[in-house]
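Numbering (UniProt numbering), first residue to last: 1 to 385.
Don't be surprised by glycine CBs; every beta carbon is placed ideally from N, CA and C.
Small disclaimer: the values here were computed from a predicted structure and weren't measured.
Here is the structure we will look at, set down as structure tokens.
In structure tokens, the structure reads:
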């Protein structure tokens with residue numbers, strides 16, 4: 001059963017929620033570039049984060065990176081670890097390549113602060129850490145323990161952290177995900193499931209001019225496959241299939257022997273996931289002498305809004321109202337690590353900063369969102385039961 005403490009819990013000194021103080025902390029994290037494919041850079045930030053927990057009541061566990069990814073960091077409160085508690089999920093990696101900060105340096109213009117990864121999601125990761133510091137600044141300790149998991153590979157689908165996320169998520173009573181807010185501060189209570197697939201086509205090469213009858217075009221067969229995939233789109237059901245990468249052939253005068261494609265699938269429900277994953281994997285060649293092979297799977301299960309998740313949102317909405325802003329929930333097509341926990345644990349996503357431009361040359365956060373969002377996380381830490 002879900003329980004929430006009444007909203008009369010004491011607030012801490014407002015100095016903890018000074019926007020400039022929070023922004024200064026975010027800047028330090030942003031100016032350490034952390035492309036997923038540069039584990040040594042990610043680990044630099046992991047070390048900084050670990051150091052910033054040094055004087056807080058936590059135990060730290062650093063999980064060594066594997067398969068070319070950086071380390072993961074677990075910060076567990078020293079209280080409340082004997083029962084299901086609160087798991088906070090943040091990722092420290094970004095999509096921006098090394099050196100991108102020269103194109104997008106940290107800067108502030110009015111209410112807007114720019115920088116690579118500032119919105120997705122170093123801003124959110126930092127305010128969750130900062131809110132924990134605010135919680136620890138008083139003698140009061142809530143009964144639920146808090147575990148903050150910082151991962152290094154979310155931007156490539158969390159291949160090395162998924163098992164850890166699922167393990168920690170199953171032990172928790174609540175999961176708070178610090179992905180950025182959506183569309184003016186909306187919080188996320190549902191996400192589509194994500195599938196990724198590769199299509200390999202093997203044909204028969206031939207001279208396109210003198211012996212075209214001997215050839216069997218892999219590119220032509222891939223075109224048939226693409227049409228079949230595009231025909232699976234059903235926007236009313238929330239199903240989208242996108243062929244985003246296509247390669248094939250060697251020269252214009254050679255019947256192409258090989259062709260290749262990469263496919264993205266998005267679905268709202270596990271039922272649709274089972275159906276469309278099956279359809280995609282079952283694709284075959286329509287041309288004699290040409291072979292089609294499809295590999296892939298559902299990378300992230302759908303994050304469907306549950307009764308427990310709805311109750312958690314309503315509690316957060318009440319807290320936000322007391323802080324002074326309206327909290328609205330939404331569903332989004334993008335996946336997050338919350339997809340891994342939502343099927344079995346009450347999960348609330350989009351708790352990070354407000355802004356726009358994730359993954360772009362104009363990525364930004366709104367400075368005015370920092371204090372309210374940090375306060376919301378702090379109050380969730382205080383009041384969840």
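Within its chain, find whatever has a CB closer than 6 Å to the CB of residue 185; leave out the 5 residues flanking it on each side and keep chain order.
Your numbering for residue 185 matches position 185 in the chain shown. Cβ within range, chain order: 354.
So, with DSSP's three-state summary, where would you put residue 178?
Counting from one through the chain shown, the residue named residue 178 turns up at place 178. Coil, per DSSP.
I need the straight-line Cα distance from residue 279 to residue 270, nearest angstrom please.
The residue given as residue 279 occupies position 279 in the chain shown. The residue given as residue 270 occupies position 270 in the chain shown. Answer to the nearest angstrom: the Cα atoms are 14 Å apart.
Taking just the CA atoms, how far does residue 319 sit from residue 44?
By 1-based counting over the chain shown, the position of residue 44 is 44. By 1-based counting over the chain shown, the position of residue 319 is 319. Their backbone Cα atoms lie some 35 Å apart in a straight line.
Tell me whether residue 138 is buried or exposed, calling it buried when 16 or more other Cβ atoms sit within 10 Å of its Cβ.
Numbered from its first residue, the chain shown carries residue 138 at position 138. Exposed: under 16 other Cβ atoms inside 10 Å.
Counting C-beta neighbours from all protein chains within 10 Å, is the total for residue 235 16 or more, i.e. buried, or is it exposed?
Here residue 235 refers to the residue found at position 235 when the chain shown is read from its first residue. Residue 235 comes out exposed.
Stretch pair the stretch 201-213 + the stretch 338-356: three plus CB contacts closer than 8 Å:
no
Report yes or no: do the stretch 222-235 and the stretch 298-307 share at least 3 C-beta pairs separated by less than 8 Å?
no
Who does residue 242 pair with in a DSSP beta bridge?
Along the chain shown, one-based indexing puts residue 242 at 242. According to DSSP, residue 242 bridges with 264.
In chain order, which continuous runs of the beta strand (DSSP E) of length 3 or greater are located wholly inside the stretch 19-76?
58-63
Helix, strand or coil for residue 106 per DSSP?
Position 106 of the chain shown, counting from 1, holds the residue named residue 106. Looking at residue 106 - three-state DSSP - the assignment turns out to be coil, as it is neither helix nor strand.
Helix, strand or coil, according to DSSP, for residue 92 in the structure here?
Position 92 of the chain shown holds residue 92. Coil.
Name the two residues that bound the continuous alpha helix (DSSP H) containing residue 325.
Taking the first residue of the chain shown as 1, we reach residue 325 at position 325. Unbroken run through residue 325: none, as it is neither H nor E.
Round the Cβ separation of residue 96 and residue 35 to the nearest angstrom and send it over; I've been treating them as touching at under 8 Å.
Stepping through the chain shown from its first residue, residue 96 is reached at position 96. Stepping through the chain shown from its first residue, residue 35 is reached at position 35. Their Cβ separation, rounded to whole angstroms, is 6 Å, which keeps residue 96 and residue 35 in contact under 8 Å.
Applying the 10 Å Cβ sphere with the 16-neighbour rule, what's the burial state of residue 302?
Locating residue 302 in the chain shown gives position 302, where the first residue counts as 1. With 16 or more other Cβ atoms within 10 Å, it is buried.
Could you give the DSSP three-state label for residue 162: helix, strand or coil?
Taking the chain shown and counting its residues from 1, the one referred to as residue 162 is at position 162. Correct three-state label for residue 162: helix.
May I have the straight-line CA-CA distance separating residue 245 from residue 262, to the nearest angstrom?
Stepping through the chain shown from its first residue, residue 245 is reached at position 245. Stepping through the chain shown from its first residue, residue 262 is reached at position 262. If I take the Cα positions, the gap works out to 5 Å.
Just verifying my parser: in three-state terms, what is the DSSP assignment at residue 317?
On the chain shown, position 317 is the one that residue 317 refers to. Helix at residue 317.
Report, in whole angstroms, the separation of the C-beta atoms of residue 146 and residue 63, which I expect to be a contact under 8 Å.
Residue 146 sits at position 146 when you count from the first residue of the chain shown. Residue 63 sits at position 63 when you count from the first residue of the chain shown. That pair is no contact at about 18 Å.
Check whether the Cβ atoms of residue 332 and residue 182 lie closer than 7 Å to each other.
As a position in the chain shown, residue 332 is number 332, starting the count at 1. As a position in the chain shown, residue 182 is number 182, starting the count at 1. For residue 332 and residue 182, yes; Cβs fall inside 7 Å.
Three-pair Cβ contact test at 8 Å for the stretch 310-324 versus the stretch 282-291:
no
Within a Cβ cutoff of 8 Å, which residues of the same chain sit near residue 31, ignoring the five residues on either side of it in sequence?
Here residue 31 is taken as the residue at index 31 of the chain shown, counted from 1. Result list for residue 31: 101, 106 and 115, in chain order.
Starting from the Cα of residue 267, find the closest Cα among 281, 334 and 215 and give me that residue.
Position 267 of the chain shown holds residue 267. It is 334 whose Cα lies nearest to the Cα of residue 267.
Can you tell me where the alpha helix (DSSP H) holding residue 226 begins and where it ends?
Translated into the one-based positions of the chain shown, residue 226 becomes position 226. Unbroken alpha helix (DSSP H) run through residue 226: 218-230.
Report yes if the CB atom of residue 72 is closer than 7 Å to the CB atom of residue 158, and no otherwise.
Working through the chain shown from its first residue, we reach residue 72 at position 72. Working through the chain shown from its first residue, we reach residue 158 at position 158. Taking 7 Å as the Cβ cut-off, residue 72 and residue 158 do not qualify as a contacting pair.
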